[in-house]
Amino acid sequence: MKIHEYQAKAVLRKFGVPVPRGEAAFSVEEAEKVARELGSDKVVVKAQIHAGGRGKGGGVKLADSVGEAKQLAGEILGMTLVTHQTGPEGKEVKRLLIEEGLDIAQELYLGILVDRAEGRPLVMLSAAGGMEIETVAAETPEKIIKEHVDPATGLLPFQARKLAFALDLDKVAAGNLAKTILKLYKVFTDTDASMVEINPLVVTGGNEVVALDAKLSFDDNALFRHKDILEYRDLDEEEPLEIEASKHNLNYIKLDGTVGCMVNGAGLAMATMDIIKLAGGSPANFLDVGGTANAETVSSAFGIITADPNVKAVLINIFGGIVRCDRVARGVIEGLSSMEGDLPPMVVRLEGTNAEEAKKILEESDLSFEVASSLAEAAEMVVKVSA
């Protein structure tokens with residue numbers, strides 16, 4: 001789950017991480033009120049959407065007065081902000097963050113996430129703050145300092161000092177940076193975050209270290225432990241079909257293709273999308289219906305898949321391990337029979353326990369299925385009918 005910058009900074013404050021003074025505003029009038037109360041010579045007006053690159057898209061502006069802050073708030077609030085992360089359709093700005101301006105001496109980058117190849121948390125620090133870290137990693141990887149962390153001990157003080165002093169900062173600034181790194185790692189572990197990214201993390205003229213921006217995302221499976229963070233969820237920033245899928249405990253992610261995918265098991269779903277691409281098609285979604293795939297699950301899943309107007313055909317790929325294929329086939333027929341309207345072309349591939357019996361059940365049903373004998377054949381068939 002992602003949250004907005006102003007919400008992320010509220011989390012950081014609880015852990016003692018220095019952040020600029022500021023508040024969220026949902027109207028021009030609120031923005032003017034916050035700017036006046038800040039009493040700062042410089043005021044920053046920031047669009048709040050779940051995407052990076054807001055500054056380049058015109059969503060972050062600096063004001064020299066309360067009046068200018070009000071004017072900028074009126075321009076940004078309600079705009080469709082397009083960045084490299086939103087796609088060409090962009091996102092409507094429905095809330096702002098109004099903050100005090102700071103005396104910035106240097107911009108740094110700090111990121112904490114799990115290095116899956118190493119199976120350990122990784123802290124990354126760079127003097128190339130304010131830039132897209134992907135560009136830095138691709139063009140000048142030597143500018144990124146990395147430190148892996150043993151989960152059993154956590155980030156140790158000497159590791160934080162090692163990172164901080166590697167940037168050749170002023171001694172006072174480096175000491176403050178080391179303390180901030182330790183606090184940010186505690187944010188990462190104590191909130192079950194999947195990523196903590198501060199870009200930029202700034203050093204002020206007074207050698208203070210402040211999180212000027214903040215991006216936090218959290219492990220959905222751990223949110224039951226963090227009801228306060230779950231309250232930050234903004235449904236306006238999420239794909240409507242993904243929200244609907246979550247209500248039925250379905251793992252669904254919308255993509256841009258034309259072939260809908262209904263699969264049991266995340267690994268099989270990934271493989272299914274890959275083989276559709278190899279066959280010349282493009283998957284319209286990732287969908288893992290889980291290990292049971294009963295009639296209710298199938299009906300809900302199919303309704304979500306076909307609600308996407310880009311879907312031209314559907315591939316149902318089920319491996320009967322925990323659940324028998326014949327039970328899945330009956331669930332598919334029962335679920336689809338309850339749906340109204342015309343159904344798109346469907347290709348089914350069932351493998352595993354009672355697969356032959358399942359194929360017979362599908363072929364004898366009143367519904368129109370193309371039954372494939374292998375995944376490769378299924379991919380070719382569904383790509384053909386989706387063209």
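When we follow the numbering used here, the leftmost residue of the sequence shown carries the number 1, and every step to the right adds one.
No residue lacks a Cβ here, since even glycine has one placed at the ideal position from N, Cα and C.
Quick one, are the C-beta atoms of Asp-103 and Gly-205 less than 8 Å apart?
Contact: yes.
Taking only runs of the alpha helix (DSSP H) that begin and end inside the stretch 11 to 89, which ones reach a length of at least 4 residues, in chain order?
Fully enclosed alpha helix (DSSP H) runs of 4 or longer: 28 to 38 and 66 to 76.
Cβ atoms of Asn-251 and Val-209: under 8 Å apart, would you say?
No, the pair does not count as a contact, with Cβ atoms beyond the cut-off.
Does the stretch 179 to 191 come close enough to the stretch 214 to 229 that 3 or more CB-CB pairs lie under 8 Å?
Because the criterion of three Cβ pairs below 8 Å is met, the stretch 214 to 229 and the stretch 179 to 191 touch.
In the DSSP assignment, find the unbroken alpha helix (DSSP H) run with Phe-218 in it and report its ends.
Note, Phe-218: premise wrong, no alpha helix (DSSP H); beta strand (DSSP E) at 215 to 218.
Count the other C-beta atoms from every protein chain shown that fall within 10 angstroms of the C-beta of Asn-221, then say buried if there are 16 or more, exposed otherwise.
It is exposed - the Cβ of Asn-221 has fewer than 16 other Cβ atoms within 10 Å.
Buried or exposed, going by whether 16 or more other CB atoms sit within 10 Å of the CB of Phe-26?
Exposed is the call here.
Would you report the Cα separation of Gly-320 and Leu-81, rounded to the nearest angstrom?
Rounded to whole angstroms, Gly-320 to Leu-81 spans 45 Å at the Cα level.
Grouping DSSP H, G and I as helix and E and B as strand, with all else coil, what is Leu-96?
Strand at Leu-96.
Just the Cα atoms here: how many angstroms apart are Gly-280 and Val-383?
Computed Cα separation, rounded: 7 Å.
To which residues of the same chain is Glu-32 closer than 6 Å at the C-beta, ignoring the five residues directly before and after it?
Lys-70, listed in sequence order.
Using three-state DSSP, classify Ser-126 as helix, strand or coil.
Strand.
Assuming Arg-324 is part of the alpha helix (DSSP H), what are its boundary residues?
First-last for Arg-324: undefined, no H or E at that position.
With contact counted as at least three CB pairs below 8 Å, one residue from each stretch, are the stretch 121 to 131 and the stretch 156 to 167 in contact?
The answer is yes - the stretch 156 to 167 touches the stretch 121 to 131, with three or more Cβ pairs under 8 Å.
Any chance the stretch 237 to 248 sits against the stretch 60 to 79, with 3 or more Cβ pairs inside 8 Å?
Touching, no, given that fewer than three Cβ pairs across the two stretches are closer than 8 Å.
Are the CB atoms of Val-385 and Phe-369 within a distance shorter than 8 Å?
The answer is no: Cβ separation not under 8 Å.
For Thr-353, does the three-state DSSP call read helix, strand or coil?
Looking at Thr-353 - three-state DSSP - the assignment turns out to be coil, as it is neither helix nor strand.
If you compare alpha carbons, which of Ser-299, Glu-107, Asn-310 and Asn-207 is closest to Ile-316?
Closest option to Ile-316, Cα to Cα, is Ser-299.
Below 8 Å between beta carbons: does that hold for Val-114 and Glu-147?
Their beta carbons are not under 8 Å apart, which means Val-114 does not touch Glu-147 by this criterion.
Going along the chain, which unbroken runs of the beta strand (DSSP E) with 3 or more residues stay wholly within the stretch 181 to 264?
Runs found: 193 to 204, 209 to 211, 215 to 218, 251 to 254 and 259 to 263.
Are Pro-18 and Ala-178 closer than 8 Å when you measure CB to CB?
In this structure, Ala-178 does not lie closer than 8 Å to Pro-18 by Cβ.
Threshold first: 4 residues or longer. Then list the alpha helix (DSSP H) segments lying entirely within the stretch 126 to 185, N to C.
As far as the stretch 126 to 185 is concerned, its whole alpha helix (DSSP H) runs of at least 4 residues are 133 to 139 and 157 to 165.
For a test of the three-state rule: what should DSSP assign to Phe-319, helix, strand or coil?
Phe-319 falls in the strand class under three-state DSSP.
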